[in-house]
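According to the numbering used here, the sequence shown holds residues 124 to 340 in order.
Virtual Cβ for every residue (Gly too), placed ideally from N, Cα, C.
For reference, the structure discussed in these notes is given below.
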Amino acid sequence: MKIFLDSADLKEVRTAAGWGVLSGVTTNPTLAAKAGARDFKSVLAEICQLVPGAAISAEVVSSDTDSMLNEARELAAVDPQVVVKIPVTPDGLAAVRQLGQEGIRTNVTLVFSTAQAILAAAAGADFVSPFVGRLDDRGEDGLGLVGEIMKVFNTYRYATEVIAASIRTPRQVVGAALAGAHIATVPFKVLQRLFEHPLTAQGIERFRADWELLQGR
Ligand code: E4P
């Protein structure tokens, strides 16, 4: 499973890119606002440079097809790495179909059901993003949804890649992998926690101490 970073914060993107584990970045208007990214297009361009060759998602905010198409074309013009995030609505999927014909990649977002994911694939989306954490917040089964979508997508060999999104915990990342998701997009804090295990820290300390003993320090 590939790891994307779910952030529009340049410091976080730079740090996570330096760890060598990133295959992409996803942003959304809330993350852009949180990062204080007023000139979002230049932030987007910088993210593309920080993670060369990776898929970088940026979201439209319009609700009708024509306006979404205009926004999408502007975002895609920033860099060929840009993937345009479009919500799973009838207008949104019409835009997805058209953008596919123009060679602009899309990530269908705000997916909360298998039916929505099937529609996104039918419209030719490159990626589809089921939101795990937001479903769990409502007492529903976010990872169960990812598993169900994977079952359908594998049965029909859809080319659309599934991004487990709205991730809140390291265990959800593992759950997404076990469910067969192609990608998990992970907030910076959760990505940091994925590295952690007390035995790793203890082991490093013990090896260092033993080595120093051998050197007679
Ligand atoms: C996905 O691409 C979204 O940016 C993100 O995962 C939403 O997560 P949230 O539910 O924590 O806002």
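If you draw a straight line from the alpha carbon of residue i to that of residue j, how long is it in whole angstroms?
| i | j | result |
| --- | --- | --- |
| Ala181 | Val205 | 7 Å |
| Gly265 | Pro321 | 28 Å |
| Met273 | Arg331 | 44 Å |
| Leu133 | Ile170 | 7 Å |
| Val211 | Asp333 | 57 Å |
| Tyr281 | Lys157 | 34 Å |
| Pro203 | Thr229 | 12 Å |
| Ala217 | Ala246 | 7 Å |
| Ala131 | Pro293 | 20 Å |
| Glu263 | Arg329 | 43 Å |
| Met191 | Gly215 | 7 Å |
| Val297 | Gly303 | 10 Å |
| Leu128 | Gly339 | 44 Å |
So, are the CB atoms of residue i and residue j less than 7 Å apart?
| i | j | result |
| --- | --- | --- |
| Thr308 | Thr150 | no |
| Gly147 | Ala195 | no |
| Ala287 | Val255 | yes |
| Ser236 | Arg257 | no |
| Ile209 | Val219 | yes |
| Leu173 | Val231 | no |
| Val234 | Pro253 | yes |
Using a 10 Å radius around the Cβ and a threshold of 16 neighbouring Cβ atoms, would you call residue i buried or exposed?
| i | result |
| --- | --- |
| Leu337 | exposed |
| Phe250 | buried |
| Leu167 | buried |
| Thr323 | exposed |
| Val184 | exposed |
| Leu392 | Only positions 124 to 340 of the chain appear in the structure, and residue 392 is not among them; the question remains open. |
In the DSSP output, which residue or residues are listed as bridge partners for residue i?
| i | result |
| --- | --- |
| Asn230 | Lys208 and Phe250 |
| Gly147 | Phe127 and Ala178 |
Below 6 Å, is the gap between the Cβ of residue i and the nearest heavy atom of ligand 3?
| i | result |
| --- | --- |
| Arg257 | Looking for ligand 3 in the displayed structure turns up nothing; the ligands present are ligand 1. |
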